[in-house]
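>
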Amino acid sequence: MLDIKFVRENPDIVRENIKKKFQEYKLPLVDGVIRLDVFYREKLAELEDSRAEMNKISKQIGALMSQGKKEEAEEAKSVVSGLKKAIPEIEKKVEESKSAIREIMLQIPQIIADDVPQGKDDSENVEVERFGEPSVPEFEVPYHIEIMERLNGVELEPARKTSGAGFYYLKGDIARLHSAILSYARDFMIEKGFVYYIPPFMIRSEVVTGVMSFAEMEGMMYKIEGEDLYLIGTSEHSMIGKFINEIIPESELPQALTSYSPCFRKEVGAHGIEERGVYRIHQFEKQEMVVICRPEESAEWFEKMWKYTVEFFRSLDIPVRALECCSGDLADLKVKSIDVEAWSPRQEKYFEVGSCSNLGDAQSRRLGIRVKNTDGDKFSPHTLNNTVAAPPRMLIAFLENNLESNGSVRIPEALRGYIGGKNKLEVC
């Protein structure tokens, strides 16, 4: 969420940013919120003046009575009475306009970074760099569910009976591989200096609206019926929400956190054939990284964070590429974002396995997170998040890139200690 003062003083910059994101329908919001802001500040000044006047006259009443000026004292009481009646109505207008301003400000997108490529949607995202040599083996690479089934590691039909489409049972070596990847991802980030967390898996609505846009919320979140709780779509939600309405001493920055959680998503929308199986699902697990830092440090953290994901995948012999999201593909809270995509030998193309985002001060403003420096001044910190690993989707890349001609799956050295020392998974 932008600072209303910034919008007031830089309306043209805000309008141009909206145009860059191809959201022209939001342009009227700028003039609307500026008009509301003028009204709000007028009413706030009127409220403060009325309270000050009432306090001033109230103090004079006693002095007038002691001086025997009863008539003047009664006139003063009448003025105070009138102010007491008027003030609640002014307070109501102040609160209503303040609430209306916030509602509009939540819809105005964050100012994107100057170097974000311009484009309408994800088809215009820009490749940054490739890591590892993508290859296609001489033998046919089966669909990932077939690979899992040959290893006796997945059951979809029982999950459809218990839970419906978009769910799964993993078992045996595949379930063990799934857990091994998450354990390795946890330790990988701990070695990078991140503090490990297991957060709450449900959050309140004030946290939801603080960490994401309304559009994202509608398409992702599951609401707990009868309670002010939502199932998290990613542990970033809990981890940033942890600091709601807090004042953090500057000496405690940066906060570099890595968190494990199950994730729950509606996944609203039509899906293609390549998204069946365990590619796009309602429930999965993920290791995340989250950073809260000084504004001047966020660009450096952004670069480090997406490269950590690249390093993680390369340690498992999976070729990846970094793809920068264009202006039209950025969610409203994001300043800049890079997707990490893994190579699929079967499809002979890359597909998304993680996303790194710099959200500037959008989340901290929405959640009331402030930092206090040694001089006592306060500022809004920047927040960033990035996927380390999100199996079972990540399993698709792992299985395809480590598949051998006889159907077995090679285990890279980095992962062997997490799966009982095995160097491969054998066909059952």
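For the sequence shown, the residue numbers in our numbering are 21 to 448. Ideal placement from N, C-alpha and C gives every residue a C-beta, glycine not left out. Small disclaimer: the values here were computed from a predicted structure and weren't measured.
So what's I107 in DSSP terms, helix, strand or just coil?
Judged by DSSP in its simplified three-state form, I107 adopts helix.
> What does DSSP give as the partner residues of L277 in its beta bridges?
Its beta-bridge partners are V215 and V310.
> Using DSSP bridges, identify the partner residues of W363.
The partner list for W363 (beta bridge, DSSP) reads Y370.
> Count the C-beta pairs between the region 422-438 and the region 341-355 that are closer than 8 Å, then say yes if the count reaches three, no if not.
No, the region 422-438 does not touch the region 341-355.
> Would you call the region 414-421 and the region 379-395 touching, i.e. three or more CB-CB distances under 8 Å?
no
> Note down, in chain order, each residue of its chain lying with its Cβ closer than 8 Å to the Cβ of I293, except the 5 sequence neighbours on either side.
The predicted model places I293 with a pLDDT of 37, which falls under 50 and marks its position as unreliable; any figure quoted below should be read in that light. There are no such residues.
> If you run the structure through DSSP and keep just helix, strand and coil, what is E147?
strand
> For the beta strand (DSSP E) containing K39, name the first residue and the last one.
Where K39 is concerned, there is no enclosing beta strand (DSSP E), although the alpha helix (DSSP H) it sits in stretches over P31 to K40.
> If you pair each beta-carbon of the region 121-132 with each one of the region 352-359, do three or more pairs fall below 8 Å?
yes
> Taking its Cβ as the centre, do 16 or more other Cβ atoms sit within 10 Å of A290, making it buried, or is it exposed?
Residue confidence for A290 is low, a pLDDT of 41 falling below 50, so the modelled location carries little weight; the figure read from the coordinates is stated next. Exposed, because fewer than 16 other Cβ atoms sit within 10 Å of the Cβ of A290.
> Is the shortest distance between the beta-carbon of P339 and the beta-carbons of chain B less than 8 Å?
The question asks about chain B, but that chain is absent: this structure has only one protein chain.
> Quick one: which unbroken alpha helix (DSSP H) runs of 4-plus residues sit fully inside the region 382-445? Chain order, please.
382-387, 413-421 and 433-436
> Do you know how far the Cα of L49 is from the Cα of R55?
10 Å
> V340 bridges to which residues according to DSSP?
F151 and A362.
> Alpha carbons only, please: which of P178, R196, S199 and L277 is nearest the one belonging to Y189?
Distance check between Y189 and each of P178, R196, S199 and L277 places P178 closest, using alpha-carbon atoms only.
> Under 8 Å by Cβ, that's how I've got H257 and F187 pegged, so tell me the actual separation to the nearest angstrom.
Not quite, the Cβ-Cβ distance comes to about 21 Å (not below 8 Å), so this is no contact.
> If I measure Cβ to Cβ from K40 and keep anything under 7 Å in the same chain, skipping five residues before and after, which residues do I get?
I132, Q138 and S347
> Per DSSP, which residues does K243 bridge with? Please list them.
Y250
> Would I389 and L197 be called neighbours here (beta carbons separated by less than 8 Å)?
No. Outside cutoff.
> Please classify E308 as buried or exposed, where buried requires at least 16 other C-beta atoms within 10 Å of its C-beta.
buried
> In whole angstroms, what separates the C-alpha of L251 from that of L103?
48 Å
> Work out the CA separation of E144 and S199 for me, nearest whole Å.
So the two alpha carbons sit approximately 35 Å from each other.
> Whether or not the region 369-378 and the region 397-411 are in contact is what I'm after, with contact meaning three or more pairs of Cβ atoms, one per stretch, closer than 8 Å; do they touch?
yes
> Just grab the DSSP bridge partners of Q303 for me.
F284
> Do you know offhand how far Y242's Cα is from T403's?
24 Å
> Taking the straight line between their C-alpha atoms, what separation do you get for M222 and E158?
Spanning the two alpha carbons is a distance of roughly 46 Å.
> If the criterion is Cβ atoms closer than 8 Å, does the pair E153 and R341 meet it?
no
> Just how far apart, CA to CA, sit I431 and L171?
14 Å
> Could you have a look at K112 and say whether DSSP puts it in helix, strand or coil?
helix
> Can you find at least 3 beta carbon pairs, one from the region 223-230 and one from the region 198-213, that sit closer than 8 Å?
no
> Would you please state the rounded distance, in angstroms, between the beta carbons of R386 and G230? I believe it to be under 8 Å.
4 Å
> Rank G52, R436 and G297 by C-alpha distance to the C-alpha of L176 and give the top, closest one.
G297
> With DSSP as the reference, label V174 as helix, strand or coil.
Secondary structure at V174: strand, using DSSP grouped into helix, strand and coil.
> What does a CB cutoff of less than 6 Å around V310 pick up in its chain, not counting 5 residues either side in sequence?
E256, M259, L277 and N405
> Just how far apart, CA to CA, sit S364 and F399?
If I take the Cα positions, the gap works out to 44 Å.
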